[in-house]
Amino acid sequence: MDGYPLGSLDHNVPYLLVSGLTTSNSELPLQENLKYERKILLKSKLPAAEGADAKALAKYFQSVDEQGKSWAAVGSKTPYRFRIKSVGRTIPLPPRQARLPERTETLESHHILHSPFSPLSPVSSLYPDGLIDAQWIKKHQELVPSVLLCFYTLTTDPTTTTLRDNELKNDIGELKAMLAKSGYKTRLAVALIAEPDSTASSLATGLQDRLENIRRGATLDPKSLFYIPPQDSDSELRGVVDSVLTTLYGSAVEYYRDLARHSRKKRSRGIAPPPTVPPTTGTSRTLSIPDWNLRYDFKSGVFAEFRQEYDAAVRFYEQAYGTLLGQDVLDVIPSWSPRWNEARLLSDVISIRCLRVHFRMGMTSLAVKRWQAHRDNIQDFVDRRGHGTANYGWQAWEARWAMVMADLIEKIQIPGLTNPSPSVFLPLTDP
6 MDGYPLGSLD HNVPYLLVSG LTTSNSELPL QENLKYERKI LLKSKLPAAE
56 GADAKALAKY FQSVDEQGKS WAAVGSKTPY RFRIKSVGRT IPLPPRQARL
106 PERTETLESH HILHSPFSPL SPVSSLYPDG LIDAQWIKKH QELVPSVLLC
156 FYTLTTDPTT TTLRDNELKN DIGELKAMLA KSGYKTRLAV ALIAEPDSTA
206 SSLATGLQDR LENIRRGATL DPKSLFYIPP QDSDSELRGV VDSVLTTLYG
256 SAVEYYRDLA RHSRKKRSRG IAPPPTVPPT TGTSRTLSIP DWNLRYDFKS
306 GVFAEFRQEY DAAVRFYEQA YGTLLGQDVL DVIPSWSPRW NEARLLSDVI
356 SIRCLRVHFR MGMTSLAVKR WQAHRDNIQD FVDRRGHGTA NYGWQAWEAR
406 WAMVMADLIE KIQIPGLTNP SPSVFLPLTD P
């Protein structure tokens, strides 16, 4: 499936951003046209956590992230799945709104700024009539976390506990205020770990009162503050972290449910929002109401995948697919134009996501029918557009579509369909 845009077919699981276990900071993986937009930076003044526990936590989060990337089907008893990225004390987020283009007549009217990933913003590669692309998916899988988990060190020095605890409260409060000001609905969670070489006895005195004081002072929800005591082994530490991640998974699911609810609410309005600046060059076409309905349904399907609610994901994907191949979207785009090719590719992406969900639910027969139905739909579509199927272009697409099914079976590791041995045939032996 290498022929599809990077990120468009990623298996989506909640994105967790961890701060405070490393001192290195990373850049946002933005497209070239967005690199010069004003980014949002959340900064903490306190140093990153240190010690053996901090290193063990960072290593364990890497293994959890690798599991989150896997397409292999998992059992219903798996308590959580996350994609996890670690950053230092400077936390970058993409801009919420694109800047107004230069040389724009600001006196003509009140310009409404939109997301740089939206076809309403001139800075977007989708402007003014693109449907949706992989950058929107990557925004939620790699750029904007569902939960921001910040690690801090809890001091054991009795002479400085009050001072350090107050610094903790102030830093968490400032970070919480910056996150709210950013406009993102990311949940904030805090994990406290003991200083290196701390013992249980050195932490026992007044520990519960200190934790409650920090929580109240930082106005944190009881389920958003965690304390990770010193452990005798890495396996015990992983057990404690698993409990933390299981709790955070519930918050992450609610985050994506809220995003889906917002998307459905905008769909119910039945209006096509105007762009920041009306297009003046090239096509003057902007997205219609059916185009926006397609976007909202596709977004709802992706958010359902983030929540691992596969029935809902298929329902929204099928709605988006039906709208896309209907008479109001793909039929009105000029044939074989760049936007038409993008829309055609989007139909493949939606179909592949439907296939993957069917496979993950164990509905292999339904997946095969869905695979064949998309092939037939595209064949009928190109026939009606006059190019037909007696050409190299169709044969190349048909070959790629067959490879899609083979790749899905291999990646998802469907029981009974995986090859236990690299040998296809038994070797011949002499009688």
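Here the sequence shown stands for residues 6 to 436, where the numbers follow my numbering.
Cβ atoms here follow ideal geometry from the backbone N, Cα and C, with glycine treated the same way.
Between the options, which lies nearest to residue i when the distance is taken from Cα to Cα?
i: K144; options: K48, K304, G255 and R365; result: K304
i: R215; options: S129, L21, G178 and L159; result: L159
i: L125; options: W402, P283, P234 and V258; result: P283
i: L22; options: E32, Y132, P133 and E147; result: E147
i: C155; options: T167, D170, V373 and T27; result: T27
i: E347; options: S29, L136 and F122; result: L136
i: I219; options: A309, I383 and L168; result: L168
i: A378; options: A401, S352 and Q400; result: S352
i: L509; options: S289, I383, T83 and R94; result: Because the chain in this structure spans residues 6 to 436, residue 509 falls outside the shown range and cannot be described.
i: N38; options: S123, E323, L225 and H115; result: S123
i: S29; options: H116, G211, I233 and P52; result: P52
Since residue i contacts residue j with CB under 8 Å, what's their CB separation in whole angstroms?
i: L118; j: L98; result: Going by Cβ atoms, the distance from L118 to L98 rounds to 16 Å, so no, they are not a contact pair.
i: V69; j: S31; result: With a Cβ gap of about 18 Å, V69 and S31 do not count as contacting.
i: R344; j: L413; result: About 27 Å; that fails the 8 Å criterion.
i: A194; j: V152; result: 6 Å
i: S256; j: I45; result: With 8 Å as the limit, S256 and I45 do not qualify as a contact, their Cβ atoms being about 21 Å apart.
Given that a residue counts as buried once 16 or more other Cβ atoms are within 10 Å of its Cβ, and exposed if not, what is residue i?
i: V337; result: exposed
i: W341; result: exposed
i: D176; result: buried
i: K270; result: exposed
i: R266; result: exposed
i: Y397; result: exposed
i: K228; result: exposed
i: D7; result: exposed
i: A103; result: buried
i: T223; result: The sequence as given places Ala at residue 223; Thr does not occur at that position. Buried.
i: S289; result: exposed
i: S129; result: buried
Can you check whether the CB of residue j is closer than 8 Å to the CB of residue i?
i: L184; j: Y157; result: no
i: R101; j: S75; result: no
i: R365; j: Y315; result: yes
i: T281; j: P127; result: yes
i: I357; j: V409; result: yes
i: F386; j: L350; result: no
i: Y261; j: F321; result: no
i: D239; j: A54; result: no
i: S13; j: S49; result: no
i: P10; j: D138; result: yes
i: L47; j: L180; result: yes
i: V307; j: I142; result: yes
i: Q213; j: Q140; result: no
i: A199; j: P235; result: yes
Spatial neighbours of residue i within its chain, please: C-beta separation below 6 Å, excluding the five flanking residues on both sides.
i: I294; result: A277
i: P201; result: G56
i: K90; result: L22
i: Y20; result: R88, Q146, P150 and S151
i: R86; result: V18 and G73
i: L230; result: V195 and R220
i: A59; result: L26
i: V258; result: R312
Check the Cβ-Cβ distances between residue i and every residue of chain D, and say whether any is below 8 Å.
i: L136; result: Absence of chain D from the displayed structure is noted, only one protein chain being present.
Once you ignore the five residues that flank residue i on each side, which residues in its own chain have a CB closer than 7 Å to its CB?
i: I419; result: F364 and T369
i: L299; result: L136, A325, T328, L329 and V334
i: W376; result: L360 and M410
i: R272; result: N298 and Y301
i: Q384; result: T394
i: F66; result: V23, I89 and S91
Taking 8 Å as the limit between beta carbons, can you name the residues of its chain near residue i, skipping five residues before and five after?
i: R380; result: E403 and W406
i: A77; result: K416, I417 and Q418
i: D263; result: K190
i: H71; result: Per the sequence shown, residue 71 should be read as Glu rather than His. Contacts found: none.
Is there at least one non-hydrogen atom of the ligand MN closer than 7 Å to the beta-carbon of residue i?
i: K271; result: Judged by which ligands are present, the structure shown has none, so any question about the ligand MN falls away.
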